[in-house]
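Trainee: The structure's right below; bear with me while I get my questions together.
In my numbering, the protein residues as written are 225 to 313.
Set out below in structure tokens:
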């Protein structure tokens, strides 16, 4: 194991030598991955998607708040148009 963790890359062993290491043959052996607990993703994007899905399912009719992209019809701007005066240029 010390060979794999060495700081100098020239001193690192190969993947083949690592797999032949007694680290992988001594007890306790690694457990079956299917027996390990599963946790929900913790990345920000995944958490946001999960929260939005939960919010939609709680909403009446299975649909939550409508987003801007789901609006029907044209969007009108609330900005006041500024008049252009060619004499000011």
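C-beta: ideal position from N, C-alpha, C; glycine also.
1) Could you give the first and the last residue of the continuous alpha helix (DSSP H) run that contains residue 266?
2) May I ask which residues mark the beginning and end of the alpha helix (DSSP H) holding residue 253?
3) Please state the DSSP three-state secondary structure of residue 283.
4) Using the three-state DSSP reduction, which class does residue 232 fall into: helix, strand or coil?
5) Are the Cβ atoms of residue 245 and residue 236 separated by less than 8 Å?
6) Is residue 264 closer than 8 Å to residue 274 when the C-beta atoms are compared?
7) For chain C, check one thing: does any of its Cβ atoms lie closer than 8 Å to the Cβ of residue 233?
Mentor: Let me spell this out:
1) Here residue 266 refers to the residue found at position 42 when the chain shown is read from its first residue. Residue 266 -> no alpha helix (DSSP H), and no H or E assigned at all.
2) What you label residue 253 is simply residue 29 of the chain shown in a count that begins at 1. Careful: residue 253 lies outside any alpha helix (DSSP H) and carries neither H nor E.
3) To locate residue 283, count along the chain shown from 1; it is residue 59. Residue state, collapsed to three classes: coil.
4) Residue mapping note: residue 232 aligns to position 8 of the chain shown, counting from 1. Residue 232: coil per DSSP, three-state reduction.
5) Counted from its first residue, the chain shown places residue 245 at position 21. Counted from its first residue, the chain shown places residue 236 at position 12. Cβ atoms of residue 245 and residue 236: not closer than 8 Å.
6) What you label residue 274 is simply residue 50 of the chain shown in a count that begins at 1. What you label residue 264 is simply residue 40 of the chain shown in a count that begins at 1. Contact flag set, yes.
7) Given the protein chain composition of this structure (a single chain), no chain C is represented.
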